[in-house]
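Chemist: The structure under discussion is supplied below as structure tokens; questions concerning it will follow.
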Amino acid sequence: MSDIIQLLPDHVANQIAAGEVVQRPASVIKELLENAIDAYAQNIQVVIKDAGKTLIQVVDDGAGMSLTDARMCFERHATSKIRSAEDLFSLNTKGFRGEALASIAAIAHVELKTKPQDEEVGTCIKIEGSKVTSQEPCVTPKGTSLCVKNLFYNIPARRNFLKSDAVELRHIIDEFQRVAMAHPSIAFSLFHNGGELFQLPSTNHRQRITNIFGAKTNEKLVPVNEDTEIVKISGFVGKPEFAKRSRGEQFFFVNNRFIKSPYLNHAVSAAFEGLLKEKTYPSYFLYLDVNPKSIDINIHPTKTEIKFDDEHALYAMLRSAIKHSLGQFSVAPVLDFDRDSNLDTPYEYKNKQAEVPKIEVDRSFNPFESELNTTSIRSGKSHNFRKENTQSWESLYAGLNTAPEADQHQFRQVEFESEEVTGKLFDDDHSGSEAGTFQLQKKYIVSTLKSGILVIDQNRAHTRILYEELLKNITIAAAVSQQLLFPLQLQFNTHEIEMLKEIKESLEQTGFIFSNIEVENVEITGIPTLISESEVSILLEQLLSDFENEVPDNGFSQTDLLAKSLAKGMAVKSGTLLNSTEQQHIVNRLFACKEPDVSPFNKSVFVTLTVDELDKKFT
1 MSDIIQLLPD
11 HVANQIAAGE
21 VVQRPASVIK
31 ELLENAIDAY
41 AQNIQVVIKD
51 AGKTLIQVVD
61 DGAGMSLTDA
71 RMCFERHATS
81 KIRSAEDLFS
91 LNTKGFRGEA
101 LASIAAIAHV
111 ELKTKPQDEE
121 VGTCIKIEGS
131 KVTSQEPCVT
141 PKGTSLCVKN
151 LFYNIPARRN
161 FLKSDAVELR
171 HIIDEFQRVA
181 MAHPSIAFSL
191 FHNGGELFQL
201 PSTNHRQRIT
211 NIFGAKTNEK
221 LVPVNEDTEI
231 VKISGFVGKP
241 EFAKRSRGEQ
251 FFFVNNRFIK
261 SPYLNHAVSA
271 AFEGLLKEKT
281 YPSYFLYLDV
291 NPKSIDINIH
301 PTKTEIKFDD
311 EHALYAMLRS
321 AIKHSLGQFS
331 VAPVLDFDRD
341 SNLDTPYEYK
351 NKQAEVPKIE
361 VDRSFNPFES
371 ELNTTSIRSG
381 KSHNFRKENT
391 QSWESLYAGL
401 NTAPEADQHQ
411 FRQVEFESEE
421 VTGKLFDDDH
431 SGSEAGTFQL
441 QKKYIVSTLK
451 SGILVIDQNR
461 AHTRILYEEL
471 LKNITIAAAV
481 SQQLLFPLQL
491 QFNTHEIEML
501 KEIKESLEQT
511 GFIFSNIEVE
521 NVEITGIPTL
531 ISESEVSILL
541 EQLLSDFENE
551 VPDNGFSQTD
561 LLAKSLAKGM
571 AVKSGTLLNS
581 TEQQHIVNRL
591 FACKEPDVSP
601 FNKSVFVTLT
611 VDELDKKFT
């Protein structure tokens, strides 16, 4: 048998490795930003076109590279970050694998311009698919500029799997924000298709969070600080009243590196126990400084997963630190959870003596006098009221025993309610017995059939009705709007504003009217007729959360997701009392739908119990 095992060529091995390191344009942004930070840059500029598919350029003013280093950085496992295996347990840099630039150069056209501080001219290197096409001196400022063009040009299948520009841009913004929040002392800027998305000056952690998520974020933050031998915890958590229905604003940074940790997230949730509304999640921006030797970062190529030596101690410290901050800043109630702060005595009244109230009585007041003299206690003025001459009060009862014949005839025509008890099993207001329906546990609508009983989940049924109606409004005919007397002002961050602009046209078809969309402010003058003004912010917040998690990649998916999210938010909830008319309305409209059997989320809407099945229950 002949030998069949052979070594892969370097360019093939690089393309395979690129599949782990470079998953999408956002992965390239992350790797290049981390390289710039490791090069001690103080100003980093990111320029992208077509959500990174056409161009990704990262320019920094860091240390730069010599001619030899510029050639070596594109080789696999070539790095300046570590020298031996022991260095993996004391990492103080972002990168250490030496695979990022080699992987990027294998699947794109790369142009590198770099110059150290003490050199007169820099170096320009162009690479296409791991092959160096040119290398020459060039004039360039101190630092490094790296352009990545035509990403995945030699892997068409991988390029076809990329999502729409809006979705890819969303991932790029996520990675950019994570790196920017970890390093507030560095100035960052992001440009997309010639437009500026972020311009973040050098500042502190609190101001950096405010610059990214909007000016209104500042008032929502509660500082957290705890310094122990194991970990130093700093950062901020959001106040409970500003908890969101999505997990978008939840960030952990360990040694200035963004990580994902469900275990630590549970510690934060435990600290907020009893303070949050149902199905809401707290915001947090927490920075943990630990000994590099006590963590292991080398688990996954994305370096977002970390193993800790003592997770249990870290869990307890994190929960205690957050609880302490919430109590220290009077966010969490200490003794009386139902205390109304409006009833507290102000400090300036502490030394004041209680005053006896003055009582004024008009002793001349007589309600039986024909002419009354009353005194207004409130104004202190006297007013005279004249009463018209009327018969005495005894005349009101005269003639009751000897009523005229006409009056007696009228009394004979009066029909009094029968004393016969005609009770019903269900009250008309709640059961809808006339229409053949009644409500069970404020959750199900029960109706009768010829063959048995029909039980309908009112929330799923209404969701199906609204879903089909919204799809019709978006695709065929626009819905009617109700105009607001005063425009509604809502605050959103830059990321959410971009998503709103993307779905603005579809939302207007459902009944929303946007008069103005600015950097952090949205003004709404009209809303759909099926929702109230107080529900608008909750509905849009849930909608943006769904879009961020689902990331639809084409027009149909976007329309479908929009209709699903709005229908879920506008539908009548379980636990809502419905009268007979509302119950019958839901039943009639449900069976007028195209697919009444299932909800938009493929859950059963109703079940039927036949007479035979009921008979079997009694056997």
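Using full-length UniProt numbering, read the sequence shown as starting at 1 and increasing by one per residue. C-beta atoms are modelled at their ideal positions from N, C-alpha and C, and glycine is treated no differently.
Can you give me the C-alpha to C-alpha distance between I445 and L485, rounded to a whole angstrom?
Modeler: Within the sequence shown, residue 445 is the residue found at index 445, counting from 1. Within the sequence shown, residue 485 is the residue found at index 485, counting from 1. Using only the alpha carbons, I get a separation of about 36 Å.
Chemist: Out of F591, L530, V611 and L470, which one is the CA nearest neighbour of L561?
Modeler: Your numbering for residue 561 matches position 561 in the sequence shown. Nearest of F591, L530, V611 and L470 to L561, Cα basis: L470.
Chemist: Which one or two residues does DSSP pair with H585 in a beta bridge?
Modeler: On the sequence shown, residue 585 is found 585 positions in, with the first residue counted as 1. DSSP lists no partner for H585.
Chemist: Quickly, what does DSSP pair Y287 with across the bridge? List them, please.
Modeler: One-based indexing of the sequence shown puts residue 287 at position 287. Looking at the DSSP assignment, Y287 forms a beta bridge with S234 and F253.
Chemist: With burial defined as no fewer than 16 other Cβ atoms inside 10 Å of the residue's Cβ, what is the status of L8: buried or exposed?
Modeler: Locating residue 8 in the sequence shown gives position 8, where the first residue counts as 1. Exposed, since its Cβ has fewer than 16 Cβ neighbours within 10 Å.
Chemist: For the beta strand (DSSP E) holding S145, just list the boundary residues, first then last.
Modeler: Along the sequence shown, read from residue 1 onward, the residue named residue 145 stands at position 145. G143 to K149 is the extent of the beta strand (DSSP E) around S145.
Chemist: Sorted by chain position, which residues of the same chain lie with C-beta nearer than 8 Å to F242's C-beta, five sequence neighbours on each side aside?
Modeler: Taking the sequence shown and counting its residues from 1, one reaches residue 242 at position 242. Closer than 8 Å at Cβ, skipping near neighbours: K220 and S283.
Chemist: Could you check which residue in N160, M72, F512 and Q509 has the C-alpha nearest to that of V132?
Modeler: By one-based count along the sequence shown, residue 132 stands at place 132. The shortest C-alpha separation from V132 is found at M72.
Chemist: Is it true that the CB of F258 sits closer than 9 Å to the CB of R178?
Modeler: Taking the sequence shown and counting its residues from 1, the one referred to as residue 178 is at position 178. Taking the sequence shown and counting its residues from 1, the one referred to as residue 258 is at position 258. A contact, by the Cβ cut-off of 9 Å.
Chemist: For the candidate residues L544, E496 and K504, whose alpha-carbon lies nearest to that of F213?
Modeler: Looking up residue 213 in the sequence shown gives position 213. Among L544, E496 and K504, the Cα nearest to that of F213 is on E496.
Chemist: Where are the alpha helix (DSSP H) runs, 4 residues long or more, that stay fully inside the region 124 to 200, in chain order?
Modeler: List check, alpha helix (DSSP H) in window: 156 to 160 and 165 to 182.
Chemist: Keeping to the same chain, check which residues put their C-beta closer than 7 Å to that of F74; ignore five residues upstream and five downstream.
Modeler: Reading the sequence shown from its first residue, position 74 is the one you call residue 74. So the qualifying residues of the chain are L101, A102, A105 and I127.
Chemist: Closest by CA to V28, which one among I5, I476 and T54?
Modeler: Along the sequence shown, one-based indexing puts residue 28 at 28. The shortest Cα separation from V28 among I5, I476 and T54 belongs to T54.
Chemist: Got a sec? Which residues, its chain only, sit under 7 Å from I513 by beta carbon, not counting five neighbours each side?
Modeler: Sequence index remark: in the sequence shown, residue 513 carries index 513 (1-based). If we look at I513 and ignore the five residues flanking it on each side, its Cβ neighbours are S481, I524, T525 and G526.
Chemist: Roughly how many angstroms lie between the CA atoms of R158 and V21, to the nearest whole one?
Modeler: Working through the sequence shown from its first residue, we reach residue 158 at position 158. Working through the sequence shown from its first residue, we reach residue 21 at position 21. R158 and V21: Cα-Cα distance of roughly 13 Å.
Chemist: Just to confirm my understanding: we take V605, look at its own chain, exclude 5 residues before and 5 after, and list those with CB closer than 8 Å. What are they?
Modeler: Within the sequence shown, residue 605 is the residue found at index 605, counting from 1. Cβ neighbours of V605 beyond the five flanking positions: I456, D457, R460, A461, R464, L590, P596, D597, V598 and S599.
Chemist: With burial defined as no fewer than 16 other Cβ atoms inside 10 Å of the residue's Cβ, what is the status of V167: buried or exposed?
Modeler: Position 167 of the sequence shown, counted from the start, is the residue given in the question as residue 167. It counts as buried.
Chemist: Does the separation of the CB atoms of residue 626 and Q117 fall below 9 Å?
Modeler: Since the first residue of the chain shown is 1 and the last is 619, residue 626 is not available in this structure.
Chemist: For I476, count neighbouring Cβ atoms within 10 angstroms of its own Cβ and tell me buried if that reaches 16, exposed if not.
Modeler: For this step, residue 476 is matched to residue 476 along the sequence shown. With fewer than 16 other Cβ atoms within 10 Å, it is exposed.
Chemist: In terms of DSSP beta bridges, what is E226 paired with?
Modeler: Walking along the sequence shown from the start, residue 226 turns up at place 226. Its beta-bridge partners are I233.
Chemist: Classify V148: buried if its beta carbon has 16 or more other beta carbons within 10 angstroms, exposed otherwise.
Modeler: Counting from 1 along the sequence shown, the entry for residue 148 is found at position 148. With 16 or more other Cβ atoms within 10 Å, it is buried.
Chemist: Which class does L8 belong to by DSSP, given the choice of helix, strand or coil?
Modeler: Along the sequence shown, read from residue 1 onward, the residue named residue 8 stands at position 8. DSSP places L8 in coil when its eight states are reduced to three.
Chemist: Need the endpoints of the alpha helix (DSSP H) that Y315 sits in, please.
Modeler: As a position in the sequence shown, residue 315 is number 315, starting the count at 1. Residues E311 to Q328.
Chemist: I need the boundaries of the alpha helix (DSSP H) containing D362, first residue and last residue.
Modeler: Residue numbering aside, residue 362 sits at position 362 when the sequence shown is read from its first letter. Per DSSP, D362 belongs to no alpha helix (DSSP H) and is neither H nor E.
Chemist: May I ask which residues mark the beginning and end of the beta strand (DSSP E) holding V598?
Modeler: Here residue 598 refers to the residue found at position 598 when the sequence shown is read from its first residue. Taken as a continuous stretch (DSSP letters only), V598 belongs to no beta strand (DSSP E), as it is neither H nor E.
Chemist: Of the residues K49, I586, A567 and L288, which one's Cα is nearest the Cα of F601?
Modeler: Working through the sequence shown from its first residue, we reach residue 601 at position 601. Measuring from the Cα of F601, the nearest candidate turns out to be A567.
Chemist: If distances are taken between C-alpha atoms only, which option among S447, V47 and L32 comes closest to L609?
Modeler: Counted from its first residue, the sequence shown places residue 609 at position 609. The candidate whose alpha carbon is nearest that of L609 is S447.
Chemist: Around the C-beta of K564, are 16 or more other C-beta atoms found within 10 angstroms, so that it is buried, or is it exposed?
Modeler: The count along the sequence shown starts at 1 and reaches residue 564 at position 564. Classification of K564: buried, given that the 10 Å Cβ count is 16 or more.
Chemist: Please report the residue range of the beta strand (DSSP E) in which E523 lies.
Modeler: On the sequence shown, position 523 is the one that residue 523 refers to. Note, E523: beta strand (DSSP E), N521 to P528.
Chemist: Got a sec, what are the start and stop residues for the alpha helix (DSSP H) F213 sits in?
Modeler: Your numbering for residue 213 matches position 213 in the sequence shown. Its alpha helix (DSSP H) spans residues H205 to F213.
Chemist: Kindly provide the ranges of any beta strand (DSSP E) runs that are 3 or more residues long and lie completely inside the region 52 to 78, ordered along the chain.
Modeler: With a minimum length of 3 residues, the continuous beta strand (DSSP E) runs that stay inside the region 52 to 78 are 55 to 60.
Chemist: Pick out whichever of D310, P367, K442 and Q45 has its Cα sitting closest to the Cα of V572.
Modeler: For the purposes of this step, residue 572 is taken as the residue at position 572 of the sequence shown. It is K442.
Chemist: With a threshold of 16 other CB atoms inside 10 Å of the CB of G235, please say whether the residue is buried or exposed.
Modeler: Stepping through the sequence shown from its first residue, residue 235 is reached at position 235. Classification of G235: buried, given that the 10 Å Cβ count is 16 or more.
Chemist: Just curious, the alpha helix (DSSP H) that D3 is in, first and last residue?
Modeler: Here residue 3 refers to the residue found at position 3 of the sequence shown. Where D3 is concerned, there is no enclosing alpha helix (DSSP H), given that its DSSP letter is neither H nor E.
Chemist: By DSSP's criteria, V446 is part of a beta bridge. Which residues make up the other side?
Modeler: Here residue 446 refers to the residue found at position 446 of the sequence shown. Paired residue(s): F438 and V455.
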